[in-house]
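Chains B and E are the protein sequences, given in the same order. Residues in the first sequence are numbered consecutively from 1, following my numbering. Residues in the second sequence are numbered consecutively from 116, following my numbering. One structure is given below, encoded as structure tokens.
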Amino acid sequence: DGGITQSPKYLFRKEGQNVTLSCEQNLNHDAMYWYRQDPGQGLRLIYYSQIVNDFQKGDIAEGYSVSREKKESFPLTVTSAQKNPTAFYLCASSILGVAFNQPQHFGDGTRLSIL
Amino acid sequence: GQQLNQSPQSMFIQEGEDVSMNCTSSSIFNTWLWYKQDPGEGPVLLIALYKAGELTSNGRLTAQFGITRKDSFLNISASIPSDVGIYFCAGPVRGNTPLVFGKGTRLSVIA
């Protein structure tokens with residue numbers, strides 16, 4: 001079955017550490033996205049990528065970095081510069097349509113906590 | 116940034132009741148999407164709307180794209196316990212930027 005796989009499901013970070021969240025899709029989608037979800041805040045866009053080797057900042061990119069070396073993969077690194085990283089992180093993908101109007105398909109998320 | 120206003124923020128209903136929720140924006144949208152998120156999982160697409168006035172059903176769910184193109188509505192008929200979750204609306208705000216999501220409506224169903 002096609003889908004989006006996020007790993008790990010739960011992740012713990014020590015102060016000052018960088019951690020990388022994995023996102024892989026086999027839907028042959030061109031576009032991929034990372035969102036952060038906090039209670040009562042909805043989904044906020046961190047980074048997105050429309051094509052391999054290219055990506056753009058979203059609304060809350062500070063303290064995060066991404067890479068897009070393969071179409072199927074879009075890992076997110078939470079750096080030590082992100083002072084409040086505890087959140088639920090969601091990865092999504094979509095086909096490219098007119099004005100981003102195509103639905104996004106989501107993975108099951110990674111919950112990151114600070115030790 | 117642009118926000119979508121969803122209401123109500125939360126709802127507690129009896130099993131079997133009908134549910135209505137809506138989403139409004141100050142900008143005109145060309146697409147409205149409705150998602151449901153179960154606890155600890157990612158959102159799942161329920162209904163996609165692409166035309167003003169469009170009314171689309173998916174089982175007990177019905178969504179409408181408002182005529183003004185600044186709002187959308189989601190109705191759930193005869194609610195059941197598995198309807199519990201957070202319902203999000205989403206849409207592309209500007210010409211070439213990704214979807215913006217509302218803050219969600221949290222639905223609780225009392226058996």
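Every residue, glycine too, gets a C-beta built ideally from N, C-alpha and C. On a predicted model such as this, the values are computed, not experimentally measured, just so you know.
Closest option to E:Gly168, judged by alpha-carbon separation, among E:Gln152, E:Asp133, E:Ala178: E:Ala178. Counting only Cβ-Cβ distances below 8 angstroms, B:Phe100 has contacts in chain E at Pro207, Asn211, Thr212, Pro213, Leu214, in chain order. Annotation: the stretch 133-186 of chain E contains the following complete segments of the beta strand (DSSP E) (minimum length 3 residues), in chain order: 134-139, 147-152, 159-164, 170-173, 176-180. Contact between B:Ser80 and B:Val66 fails: their C-beta atoms lie close to 16 angstroms from each other, not under 8 angstroms. Beta-bridge annotation (DSSP): B:Glu72 is not paired with any residue.
Cβ proximity to chain B below 8 angstroms picks out Gly155, Glu156, Gly157, Pro158, Val159, Leu160, Ala163, Tyr165 from the stretch 152-174 of chain E.
Per DSSP, reduced to three states, the secondary structure at E:Ser223 is strand. In the DSSP annotation of this structure, the continuous segment of the beta strand (DSSP E) that includes E:Asn120 starts and ends at 120-122. Counting C-beta pairs closer than 8 angstroms gives three or more between the stretch 24-31 of chain B and the stretch 66-77 of chain B, which meets the contact rule. The beta carbons of E:Leu176 and E:Leu164 sit no closer together than 7 angstroms.
When CB distances to chain B are screened at a threshold of 7 angstroms, not a single residue of the stretch 175-186 of chain E falls below it. At a beta-carbon threshold of 9 angstroms, none of the residues of chain B lie near E:Phe188; the nearest stands roughly 18 angstroms away. The Cβ-Cβ distance between E:Glu130 and E:Val224 falls below 7 angstroms. Beta bridge pairing from DSSP links B:Ala92 with B:Tyr33, B:Phe106.
Rounded to whole angstroms, the Cβ separation of B:Leu45 and B:Gln37 is 11 angstroms, and the two are not in contact under 8 angstroms.
At least one CB atom of chain B sits nearer than 7 angstroms to the CB of E:Gly217.
Beta bridge pairing from DSSP links B:Lys57 with B:Tyr47. In the displayed model, B:Ser113 falls within a strand according to three-state DSSP. Looking only at E:Asn120, E:Leu189, E:Phe188, E:Gly157, the smallest Cα-Cα distance to E:Ser142 is reached by E:Asn120. Within the same chain, Glu24, Gly107 come within 7 angstroms of B:Thr5 by CB-CB distance, once the 5 residues on both sides are set aside. The criterion of a C-beta distance shorter than 7 angstroms is not satisfied by E:Thr146 and B:Asn18. The contact set of E:Phe203 on chain B, defined by CB atoms closer than 9 angstroms, consists of Gly42, Leu43 in chain order.
Within the same chain, Cβ atoms closer than 6 angstroms to the Cβ of E:Gln152 are found at Pro158, Gly200, Ile201, the five residues on either side in sequence being excluded. Listed along chain E, the residues sitting closer than 9 angstroms to B:Phe106 by beta-carbon distance are Tyr150, Gln152, Glu156, Gly157, Pro158, Val159, Leu160.
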